[in-house]
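Quick note: the sequence shown, position 68, residue 159 per the numbering used here, numbers continuous. Taking it in order: structure first as structure tokens, then the write-up.
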Amino acid sequence: MIQTPIESIRDVRSHLAEVVDRADRDDTPTVITRRGKEVAAVVSIDVLRRYQEWEEREINRIIDERMAKPVAGVPLEDVMRETLARSE
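This is how it looks when you write it as structure tokens:
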């Protein structure tokens, strides 16, 4: 498994082009920290799109499951919350 680089915002500012090139070239994300806390990541557009496609498939799958076994009073917000919780 490729180790994910972790860098502070200050470090990323000084070599942003390199961070972006690494994400694009290797699909290697860089986690960005602020005061030691992970706050963001730089990923390739391909990785982002794959994640978005996966997320949409998951949402649709859960909606399909719920519609196949309808339960009175299950709000869509609960479905969305459950979907997001599963992806963590």
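For each residue, glycine too, the CB sits at the ideal point set by N, CA and C. If you're wondering where the values come from, they're calculated on a predicted model, not measured in any experiment.
If I measure Cβ to Cβ from residue 122 and keep anything under 6 Å in the same chain, skipping five residues before and after, which residues do I get? 95, 97, 129, 132
C-beta contact flag for residue 174 and residue 149 at 7 Å: Closer than 7 Å, so yes.
If you draw a straight line from the C-alpha of residue 120 to the C-alpha of residue 160, how long is it? Rounded to whole angstroms, residue 120 to residue 160 spans 39 Å at the Cα level.
What is the DSSP secondary structure of residue 172, counted as helix, strand or coil? helix
With C-beta atoms as the reference, is residue 110 less than 7 Å away from residue 103? yes
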